[in-house]
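*Asks:*
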Amino acid sequence: MGTFLWLAQRFSSLIILSYVLFIVISYFVKPYDLDAQVWFTDIRSIQMKIFTSLFLIAIVGHALQGLKAVEDDYFTERTIGMFLPGTKHLAKFLRYSYRGFICVVIVILSYVTVLSYLMEV
Numbered sequence: 024m025g026t027f028l029w030l031a032q033r034f035s036s037l038i039i040l041s042y043v044l045f046i047v048i049s050y051f052v053k054p055y056d057l058d059a060q061v062w063f064t065d066i067r068s069i070q071m072k073i074f075t076s077l078f079l080i081a082i083v084g085h086a087l088q089g090l091k092a093v094e095d096d097y098f099t100e101r102t103i104g105m106f107l108p109g110t111k112h113l114a115k116f117l118r119y120s121y122r123g124f125i126c127v128v129i130v131i132l133s134y135v136t137v138l139s140y141l142m143e144v
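Under the working numbering, think of the first position of the sequence shown as 24, with each following residue one higher.
1. So, using beta-carbon positions, are I125 and L90 closer together than 7 Å?
2. For G109, which three-state DSSP category applies?
3. On the criterion of 16 or more Cβ atoms from any shown chain inside 10 Å, does F98 qualify as buried, or is it exposed?
4. By Cβ distance below 8 Å, which residues in the same chain neighbour Q32 in space, the five residues on each side in sequence not counted?
5. Going by C-alpha distance, which of L107, L79 and T26 is nearest Y42?
6. Counting C-beta neighbours from all protein chains within 10 Å, is the total for Q60 16 or more, i.e. buried, or is it exposed?
7. Give me, in chain order, the residues of the same chain whose beta-carbon lies closer than 7 Å to that of R118; leave out the 5 immediate sequence neighbours on both sides.
8. Assign T75 to one of three DSSP states: helix, strand, or coil.
9. Which first and last residues belong to the alpha helix (DSSP H) in which D58 is found?
10. Helix, strand or coil: which one does DSSP assign to T102?
Take a look at the structure:
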């Protein structure tokens, strides 16, 4: 499973990079400053919606894998005990607190994103 997750994170980084490069290059190539309709037409196209959806899925997957790596590296009995001697028994509590915090952040961001989308006319 570790190799698959490593490859998935690398693949998601390629999607993120290609999306960012596409946006930056198109900003300099297309006349967005002269006509906002060009930008609106580009954003509303089905190709851009698919590309943006892939980008958002890649961002979420990449971020979750990165956060899991931080948890696996820093919230273990060995590392907690090394930095704070006598407190290695708190490692499991810290791991679950970290996971809970990440879940709360995801729920809040999802709520704000969906709410702003629904409120948009």
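Heads up, the beta-carbon is just placed ideally off N, CA and C, and yes, glycines get one too. A quick note: this is a predicted structure, and the numbers were derived from the prediction, not measured.
*Replies:* Taking the geometry as given:
1. The residue given as residue 125 occupies position 102 in the sequence shown. The residue given as residue 90 occupies position 67 in the sequence shown. Cβ distance < 7 Å, so I125 and L90 count as in contact.
2. Indexing the sequence shown from 1 puts residue 109 at position 86. Three-state result, G109: coil.
3. Here residue 98 refers to the residue found at position 75 when the sequence shown is read from its first residue. By the 10 Å Cβ count, F98 comes out buried.
4. In the sequence shown, the residue the question calls residue 32 occupies position 9. Here the set comprises G84, H85, Q88 and G89.
5. What you label residue 42 is simply residue 19 of the sequence shown in a count that begins at 1. Out of L107, L79 and T26, L79 has the C-alpha closest to the C-alpha of Y42.
6. Along the sequence shown, read from residue 1 onward, the residue named residue 60 stands at position 37. The residue is exposed, with fewer than 16 neighbouring Cβ atoms inside 10 Å.
7. Sequence index remark: in the sequence shown, residue 118 carries index 95 (1-based). The residues are E94 and F98.
8. For the purposes of this step, residue 75 is identified with residue 52 of the sequence shown, where counting begins at 1. Residue state for T75 is assigned as helix, using DSSP reduced to three classes.
9. Sequence index remark: in the sequence shown, residue 58 carries index 35 (1-based). Note, D58: premise wrong, no alpha helix (DSSP H); not H, not E.
10. For the purposes of this step, residue 102 is taken as the residue at position 79 of the sequence shown. Per DSSP, reduced to three states, the secondary structure at T102 is helical.
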